[in-house]
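The listed protein sequences correspond, in order, to chains A and B. Quick note on numbering: the working numbering labels position 69 of the first sequence as 69, and the sequence is numbered without any gaps. Quick note on numbering: the working numbering labels position 53 of the second sequence as 1053, and the sequence is numbered without any gaps. Yeah, the Cβ is synthetic: ideal placement off N, Cα and C, and Gly gets one too.
2 protein chains.
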Amino acid sequence: MKYQAKSRIWIESDTGILLGEGRVRLLQAVEQFGSISAAAQSLGMSYKKAWNLIDSINKNADRPAVVKNAGGSGGGGAVVTDYGKQLIVIYSALNQSCWKFLDVEMEKLAVKLDALNEG
Amino acid sequence: MKYQAKSRIWIESDTGILLGEGRVRLLQAVEQFGSISAAAQSLGMSYKKAWNLIDSINKNADRPAVVKNAGGSGGGGAVVTDYGKQLIVIYSALNQSCWKFLDVEMEKLAVKLDALNEG
């Protein structure tokens, strides 16, 4: 049987959780829709929950990841800052490299297990 | 602010989930107590749930990780096999190396973020 190692990662700062899979999906949705309420809706999440998550990201980051636009007649939207975009990139990079790393490590450890299997 | 990457890992085989944090803790408890019911109790888990988890581990592994002893007068106990012990070791090794890896990766990525911060 082939064994595969899987992972779920998240990033914490000194003050609390910064990013996990759900938070990154939310940031990506805000980036896509330019609005917290539209992003929340697309994820089947209440506006309150989405806002609380974004508030938590902003408070736990060095710089805000999302800023609200003072809107015109249509009301204000929200924008993912350059810093927020960079956080998304970093989270994805970390995930990818972690998966690759675990594949290699698991391969090595599986060899030991197989040896035991045959022993 | 210092950012730290955290991870939760699990191992899957072709047929389903083999090991995660909870399953490893259960195996360790069976190893400690020599009994599934005592292990379940020590973790505040029902016997049924513990048995289902162990059954799932055994079914998804190449070899059984836990075997029941045909007990004497005191009823049967349970033993973690050499294979099961090796699985515990591998899961711990994978976790440790993953944490170390993520620390190093996060350090590298944080340098980029800091550069952006000052930019």
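Please name the residue or residues paired with residue i in a DSSP beta bridge.
i	result
residue 111 of chain A	In DSSP, residue 111 of chain A forms no bridge with anything.
residue 1010 of chain B	A:6
residue 1017 of chain B	B:1012
residue 68 of chain A	A:78
Does residue i come within less than 8 Å of chain B when only Cβ atoms are used?
i	result
residue 13 of chain A	yes
residue 83 of chain A	yes
residue 88 of chain A	no
residue 47 of chain A	no
residue 4 of chain A	yes
residue 23 of chain A	no
residue 99 of chain A	no
residue 9 of chain A	yes
residue 27 of chain A	no
residue 93 of chain A	yes
Among the options, which has the Cα closest to the Cα of residue i?
i	options	result
residue 10 of chain A	A:88, A:113, A:108 and A:102	A:88
residue 1084 of chain B	B:1006, B:1007, B:1026 and B:1004	B:1026
residue 32 of chain A	A:77, A:105 and A:92	A:77
residue 1005 of chain B	A:59, A:20 and A:115	A:20
residue 1069 of chain B	B:1104, B:1103 and B:1081	B:1081
residue 115 of chain A	B:1116, B:1013, B:1030 and B:1063	B:1063
residue 90 of chain A	A:65, A:112 and A:79	A:65
residue 1044 of chain B	B:1022, B:1059, B:1060 and B:1061	B:1022
residue 61 of chain A	A:46, A:41, A:86 and A:40	A:86
residue 1003 of chain B	A:3, A:16, A:1 and A:8	A:16
residue 1112 of chain B	A:59, A:93 and A:109	A:93
Return no unless some Cβ of chain A is closer than 8 Å to the Cβ of residue i.
i	result
residue 1105 of chain B	yes
residue 1055 of chain B	no
residue 1043 of chain B	no
With a cut-off of 8 Å, does the C-beta of residue i fall near any C-beta of chain C?
i	result
residue 77 of chain A	Any reference to chain C falls outside this structure, whose protein chains are A and B.
Segment contact, 8 Å Cβ cut-off, at least three pairs: the stretch 50 to 67 of chain A with the stretch 24 to 36 of chain A
yes
Should the stretch 90 to 99 of chain A be called in touch with the stretch 52 to 65 of chain A, which here means at least 3 C-beta pairs below 8 Å?
no
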